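Please read the structure below before turning to the comments.
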Amino acid sequence: MKKTSTLLFLLAGFLMTSCSSFKIIKSWKGETANEMQNKKILVIGRSADMDIRKAYENAITKKFTDAGYNAISSYTQFPDFNPAAKLTEEQKQQIQTILEKNGYNGVVLTALKDYQEHTREIGAEKYDTQVIYGGMNYPINYGGFYNYFYLPGSFSVDQVSLKTEGTTITSKLYILETVVYDLEKEEGKQLVAWITASIENPDNSPGVASAYANSIAKGFK
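Mapping of the sequence shown onto my numbering: position 123 corresponds to residue 114, and the numbering continues sequentially without gaps.
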């Protein structure tokens, strides 16, 4: 299998889960995705909750390293760095300096982008199908890592617990996004892979982190 296909397969595998309803919404990969095999990759889980951040980063890092990539969890190298915090211009420059100084020329960034609430009667019919748009272009403002990282819309949203009341079920549909950047490319042309997926009703109500970690662990079995 070509490394380009392997990279997208890795991302898809990260999002699959056997305990929740899962589907890929959008995906894209660039022609230079195979070059990530030779990069030093920093894996970032964009959450202010350290436990959730660790769950994202540990699982993703393991799968990338198992596939032959040089990937490192950001919390192990920069535990005081909060990837969910709003940054000043000075702090933005510091991040770029730190990445360059430590030799990181690739980034895998994951965030919980959205959640949607659905209330339905028990027994109501429901139909789910997987939709993959392999050739869809990525959003225009996703091209460069630093531009994307500072976008207000790139931050993780707050998480809401699941609940059941009477004969109705209130469920949550979590929208996850993972982007991969080659920092050696010029700004605006650094994105090499992008995938957005949904997970409905993850088993653990504290948030989608556990279901996300399970999806990574089970996606390659």
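All C-beta atoms in this analysis are idealised placements derived from N, C-alpha and C, irrespective of residue type, glycine included. Nothing here was measured: the structure is a model prediction, and the numbers come from that model.
Sequence-distant residues of the same chain with beta carbon closer than 6 Å to residue i, five excluded per side
i      : result
Glu214 : Given that the chain is displayed from residue -8 to residue 212, the structure contains no residue 214 and the question cannot be resolved.
Glu168 : Ala102, Lys104, Thr187
Lys30  : Asn96, Gly97
Thr67  : none
Cβ pair residue i, residue j closer than 7 Å
i      : j      : result
Val170 : Leu100 : yes
Gly94  : Ile32  : no
Ala102 : Arg37  : yes
Ala184 : Ile16  : no
Ser64  : Thr52  : yes
DSSP state of residue i mapped onto helix, strand, coil
i      : result
Thr79  : coil
Ser64  : strand
Leu182 : strand
Lys31  : strand
Ala24  : helix
Tyr172 : strand
Thr56  : helix
Ala50  : helix
Asp40  : coil
Glu91  : helix
Tyr137 : helix
Expected contact under 8 Å - CB spacing of residue i and residue j to nearest Å
i      : j      : result
Leu182 : Tyr141 : No, Leu182 and Tyr141 are not in contact; Cβ-Cβ is about 15 Å, not under 8 Å.
Tyr106 : Lys163 : 5 Å
Val34  : Ala62  : 5 Å
Asp173 : Glu80  : The Cβ separation is near 24 Å, so there is no contact.
Other residues of its chain near residue i: CB distance less than 7 Å, five sequence neighbours each side excluded
i       : result
Asn73   : Ala39
Ile123  : Note that Ile123 has pLDDT 30, beneath the 50 cutoff, so the model's placement of it is unreliable and the number below is only indicative. Contacts found: Ile15, Ser18.
Glu175  : Asn96
Gln87   : Tyr137
Lys(-7) : The pLDDT assigned to Lys(-7) is 46, lower than 50, so where the model puts this residue is not dependable; a value taken from the coordinates is nonetheless given after this. If we look at Lys(-7) and ignore the five residues flanking it on each side, its Cβ neighbours are Asn25.
Residue-level contact to chain D via CB, residue i, 7 Å cutoff
i      : result
Thr169 : Protein chain content of the structure displayed is limited to a single chain, and chain D is not contained in it.
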